Amino acid sequence: MKVISIANNKGGVGKTMQCFQLATHLAEKGNRVLVIDLDSQANLSNTLGVDVQRTLIPEWLIGDVPFEEIMVPADGKYDCFENIFVVPSSRHLASLSKLLILSESEIRKNAGRKERLLKLRLSKIQERFDYCVIDTPPVLGDELIMSLVASDHILIPTQAQDYSIDGLEELMDTFEIIKESENSKLKFSIIPSMFNGRRKIERVRMEELSEMFDVTPPIRNLVENQESISLRKPIFKMGKRSKAKQDYADLWNSIGL
Ligand SMILES: Nc1ncnc2c1ncn2[C@@H]1O[C@H](COP(=O)(O)OP(=O)(O)O)[C@@H](O)[C@H]1O
Ligand SMILES: [Mg+2]
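Residue 0 is where the sequence shown starts when you use numbering that gives the first Met the number 0, and the numbers rise one by one after that.
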C-alpha cells in the first residue's frame, strides 16, 4: 500500500479538492483506495458520501477500537466509488491531542512515540489496499506530523501568492526534520493550485515558486473544479473539452499516479 498525504498548514489552498480527485482517479484505475480524513471539518468525508456522528479515529490510533469499526464504504453514483473506503472524520477529531496526552504511557509501549501511531496502524492493513490517501488539517499539529511519518509521498498544493509561499517554509522545515529523523524515504511534490494565469502577479509569483522548487504542472482556478465537488462528480467524468480534466491528467502523469 502506497501512502499519499495532501498537506499544507494553510487553509483553502485546495487540499480537500486534490484528495477527492486523487482518490477517485486511483479508484477508477481499479485500485483499492483507503481514504483517511484527518481534518475535523470532515469536508472530504462528506464529499465521499460518508457522514458520521462521532469519529473514532482517536480511539483507533490508540488501539482501543479495531479498523473494521471505523471504516465505511464511500457512497456515490459513479463506479469508482465502489473501490473507495473511508475513515471518516467529525468535529470530535479536535480532541485527538488531548487523548494522546492522556494515553501517553500506552502509546510509548506500543508505538514508542505518538508521531508513529498512524504508521503503526497502517502497517496492520497494508495488504488490504493499493493506496491510502490522507487529507490533513490546516495546522502543523499531531495529525499532520503523523501523516508525514506514515507517508511515502506528500503532495503540497499551494497558491502562487505571497502568504502561501511564505507559509511553505514552515512546512518544508518540518518535512526535513521528519525525513531526517523518522522517514528517510519521504518525498514531496509542490502543486501550484487554483492558479489564475491571467493575473500578472500570479504569473510572477509562479515564476518565483518554480525557481525555489521543482513544481508540477498547475491546477487552474476553474469553476468546473467547484462543480465537481458540489455535484460529487470526479473531474475525470467531465466532458472531453474540460480544461480541469486536462489539468489533473497532466498532474497525475507528472508524478506517476
Ligand atoms: N482549482 C480550483 N478551482 C476553483 N476552485 C477551487 C479549486 N480548488 C479548490 N477550489 C475551491 O476552493 C475552496 C477551498 O478548497 P479546499 O479543497 O476545500 O481547500 P483546503 O482543503 O485546502 O482548505 C473550495 O470551495 C473549493 O471548491
Ligand atoms: Mg480541506
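Think of the CB as a built atom: it goes at the ideal place given N, C-alpha and C, for glycine as much as any other residue. Only a predicted model underlies this, so the values are computations on that prediction, with no experimental measurement involved.
According to the DSSP assignment, Y130 belongs to the beta strand (DSSP E) that extends over 130-134.
Collapsing the DSSP output to three states places V71 in a strand.
Here F80 is not bridged, per DSSP, to any residue.
Distance from the Cα of I155 is smallest, within the candidate group Q17, G255, I69, A149, for Q17. The beta strand (DSSP E) runs of length 3 or more contained entirely in the stretch 96-170 are, from start to end of the chain, 130-134, 152-157. Proximity of the beta carbon of D213 to ligand 2 is not indicated: no heavy atom of the ligand is located closer than 7 Å.
With a cut-off of 8 Å on Cβ pairs, the stretch 27-36 is in contact with the stretch 70-84, counting three or more such pairs.
According to the DSSP secondary-structure assignment, V51 is paired through a beta bridge with no residue. For S94, no beta strand (DSSP E) run applies, since DSSP gives it neither H nor E.
K14 sits buried, since 16 or more C-beta atoms from the chains shown fall within 10 Å of its C-beta. Rounded to whole angstroms, the gap between the alpha carbons of A41 and S146 is 16 Å. If you draw a 10 Å sphere on the C-beta of P136, you find 16 or more other C-beta atoms in it, and that means buried.
Shortest gap from the CB of L221 to any heavy atom of ligand 1: under 7 Å.
Taking the CA atoms as reference points, W59 sits about 26 Å from I176. Nearest to D161 by alpha-carbon distance, out of E206, S188, S180, H91, is E206. Beta-bridge partners of V86 (DSSP): I35. The residue among G140, A159, R202, P191 with its C-alpha nearest the C-alpha of F174 is G140. Secondary structure note for S4: its beta strand (DSSP E) is the uninterrupted segment 1-5. Between the stretch 43-54 and the stretch 96-106, the count of Cβ pairs shorter than 8 Å is below three; the stretches do not touch. If you ignore the 5 residues before and after L21, its C-beta comes within less than 6 Å of the C-beta of V132, all in its own chain and listed in chain order. Judged by the Cβ position, N42 qualifies as a neighbour of ligand 2 at the 7 Å threshold, a heavy atom of the ligand being closer than this. Of the heavy atoms belonging to ligand 2, none sits nearer than 7 Å to the Cβ of D50.
Annotated three-state conformation of V222 is helix, per DSSP. Distances from the alpha-carbon of D129 to those of F212, F84, V64, K186 put F84 closest. Under DSSP, P216 shares a beta bridge with no residue. Beta-bridge annotation (DSSP): P191 is paired with T157. V12: not part of any alpha helix (DSSP H); DSSP gives it neither H nor E.
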